[in-house]
Amino acid sequence: MTSLTERFPAALEAAEQLDAPAYAVADVVSTVLEVTGTASQPIQNVLHGTWLGHPLHPILATVPVGTWTMALALDGAEALGLAPQRRLGEAADLALKVGVAGAVVASAAGLADWRQIHGRDRRTGLGHAALNSAALGLTVGSLALRRKGRRGIGRAASGAGWLALAAGAYLGGHLVYRRRVGVDQADRSPEPRGFQPVLPVAALQEDRPRRVEVWDEAARAMVGVVLVLHRGQVHAMGSRCSHMGGPLDEGWVQNGGLVCPWHGSRYCLATGRVLDGPSTSPQPRYDVRISGDQIEIRHVPEPGDEALTPEEVDAGHAYAVAGAGALPEGRKADEVLFEHHQLLRRLFETIEGMQPDDPERRDMMRLLAGELEIHEHVEDAIFYPAVRPVSEDVPVAHAEHQQLADMLAVTLRLGTSSPEFEQQLRALHQAVDHHASSEEESMFKEAQRLGEARLRELGQQIEEMLEHERVSRARSAFRALKIRLLEGA
Ligand code: FES
Ligand SMILES: [Fe+2]
Ligand SMILES: [Fe+2]
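With my numbering applied, the sequence shown corresponds to residues 47 to 535, in that order.
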């Protein structure tokens, strides 16, 4: 059986009878915007948050949420007589008034966004708006009652308003986090990292957008890019509109921008910036060059991108080789880590093979836990940062470390002779095996691009840290034992 939080939005999404009133409300909003004439687009840009680079509505919505919650707390304190009543009441009334002003502005921005969504999302959006309107109505009513001195019923009205607001906020969250309304829908693939030919120059006509595709190996998918020849220059940007995924290659050029055919967002040809909303996110950009009779493109990395260009990888490689001097002795980092993986695997097999009531099982489990923690620490501190320029596996591998640490903590809490322990140990074993194998099959291979000298240097550092960690853990374990013995004496 599904919970109320599932059934509530599901019922709204399926309620086709809401379509007729939804269209009527959308028509009223459109008519209001139409009468503003040439100011209509700038007004919409302000309401959508195009100027801000993020949707404006959720930011404004924090005003009523914050102030009305504050008012609820102050009302509660007033009702309980926790402080001088007049001061509390005045503060609560002020918070409600500020919230009303915020709610009115937030609803204008919300209506502008809602006008552009369709189908089930439009129905949910209508439910969201209805609940928030009810919250606004109850709060305004509450303020009127308070002014007449009927504070008790006034507090009840604004309390009911707060509940309606919370239910409306739930639907708003559903629209964004579940239905992905308002989130960036552009393809943010880092490919191609180096210049890649995509189309003969002769195939492009002035101001006629043309779609090409590039392959993203990591995502195992084609990524669409739109090319536009405008005033003798070729421009390229992601072909999937960041607003709701519309096909920009089917759009048109207007005032130096490419217009999306779905809701009219206009993107600067040269920079990918949003010139007109409803979109708030820029399009992915590509460098363009002409080589012979071919147009070649290369993705422009965005700030904070994990993906590096071939030039950056080569620069890192050159630095590693130049900085290394004579080839360091010892094993390479991947060899040291592989050996440690094997040790972890043997430890798991040993514990799994022991009798549940074997008193040594707990000690072996502690040893495994210590080695696993040290392994993760060494990788996070030395190997992952070093390998990041040549491997995109690092963020996922790091996330897996956190999951392994959580699983380990649960396993350690269980008695080693319990059936739950067996189950948890098996799951942890599988998770560690999956993690170690994917490192060996992917990251360790990619790490070879760092060069042998750098890998040997890292191997040395890893061996030293493994040793250091083991010694310091042994020392602190001894200290803890000593304290326990002294306390017992
Ligand atoms: S999909 Fe809405 S403007 Fe492009
Ligand atoms: Fe790892
Ligand atoms: Fe590892």
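Glycine included, C-beta positions come from ideal geometry on N, C-alpha and C. On a predicted model such as this, the values are computed, not experimentally measured, just so you know.
- Query: Can you tell which of P465, Q507 and L414 has its C-alpha closest to the C-alpha of Q401?
  - Reply: Residue nearest to Q401 within the set P465, Q507 and L414 is P465 (criterion: CA-CA distance).
- Using the Cα positions of L450 and D404, report the straight-line distance between them to the nearest angstrom. Note on geometry: alpha-carbon atoms of L450 and D404 lie some 25 Å from one another.
- Message: Going by DSSP in three states, T284 sits in which element: helix, strand or coil?
- Response: In the sequence as presented, Thr is not what sits at residue 284; that position holds Gly. The answer is strand: DSSP assigns G284 an E or B state.
- Return yes when the C-beta of L304 is under 8 Å from any heavy atom of ligand 1, and no when it is not. No.
- Task: Measure the Cβ-Cβ separation of Q506 and G350 and say whether it is below 9 Å.
- Result: Contact: no.
- Tell me, please, which residues DSSP counts as bridged to I343. Q242 and V334.
- Item | H421: CB within 8 Å of a non-hydrogen atom of ligand 2 | Yes.
- Message: Does the structure place the region 482-492 close enough to the region 425-445 that three or more beta carbon pairs sit under 8 Å?
- Response: Contact holds: three or more Cβ-Cβ distances are below 8 Å.
- Any non-hydrogen atom of ligand 3 closer than 8 Å to E485 Cβ: Under cutoff, so the answer is yes.
- Message: Contact defined as beta carbons within less than 8 Å: I believe Y313 pairs with Q329. What is the distance between those atoms, to the nearest angstrom?
- Response: About 5 Å; that satisfies the 8 Å criterion.
- Query: Hey, would you say L172 sits closer than 9 Å to L64, going by beta carbons?
  - Reply: Against a cut-off of 9 Å, the Cβ pair of L64 and L172 comes out as a contact.
- Query: Could you give the uninterrupted runs of the alpha helix (DSSP H) lying entirely in the region 67-137, keeping only those of 4 residues or more?
  - Reply: With a minimum length of 4 residues, the continuous alpha helix (DSSP H) runs that stay inside the region 67-137 are 86-94 and 103-125.
- Check whether the Cβ of E425 lies closer than 8 Å to any heavy atom of ligand 3, and answer yes or no. In this structure, ligand 3 has a non-hydrogen atom nearer than 8 Å to the beta-carbon of E425.
- Extent of the continuous alpha helix (DSSP H) run through A267: No alpha helix (DSSP H) contains A267, which is instead part of the beta strand (DSSP E) from A267 to H276.
- Task: Determine the extent of the beta strand (DSSP E) in which L496 is found, giving its start and end residues.
- Result: Boundaries cannot be given for L496, as no beta strand (DSSP E) includes it and DSSP labels it neither H nor E.
- Query: Around the Cβ of T326, are there at least 16 other Cβ atoms within 10 angstroms (buried) or fewer (exposed)?
  - Reply: Around the beta carbon of T326, a 10 Å sphere encloses 16 or more other beta carbons of the protein chains shown; the residue is thus reported as buried.
- Query: Taking the alpha helix (DSSP H) that Q449 falls in, what are its first and last residues?
  - Reply: Segment V440 to R459, the alpha helix (DSSP H) holding Q449.
- Query: Going straight from the alpha carbon of G278 to that of T77, what length do you get?
  - Reply: As the crow flies, the alpha-carbon of G278 is around 40 Å from that of T77.
- Just how far apart, CA to CA, sit A119 and R161? C-alpha separation (whole angstroms): 35 Å.
- Query: Under 9 Å, do A493 and V424 count as touching if we go by C-beta distance?
  - Reply: No Cβ-Cβ contact shorter than 9 Å links A493 with V424.
- Those residues which DSSP pairs with P349 across a bridge: For P349, which the question treats as bridged, DSSP gives no partner whatsoever.
- What residue does the alpha helix (DSSP H) around V229 start on, and which one ends it? For V229, there is no enclosing alpha helix (DSSP H), as DSSP marks it with neither H nor E.
- Message: Counting only C-beta atoms, is L532 closer than 9 Å to chain B at any point?
- Response: Looking at the structure shown, chain B is missing, and only one protein chain is on hand.
- Does the Cβ-Cβ distance between V258 and V334 come in under 9 Å? In this structure, the beta-carbon distance from V258 to V334 does not fall below 9 Å.
- Sub-9 Å separation of D167 and V227 beta-carbons: Yes; because the gap between Cβ atoms is below 9 Å, this pair is in contact.
- Query: Which residues count as close to ligand 1 when the rule is a CB under 7 Å from any of its heavy atoms, in chain order?
  - Reply: For ligand 1, the residues with a Cβ under 7 Å from any of its heavy atoms are, in chain order, Q162, C287, H289, M290, G291, G292, C306, W308, H309, G310, S311, P324 and S325.
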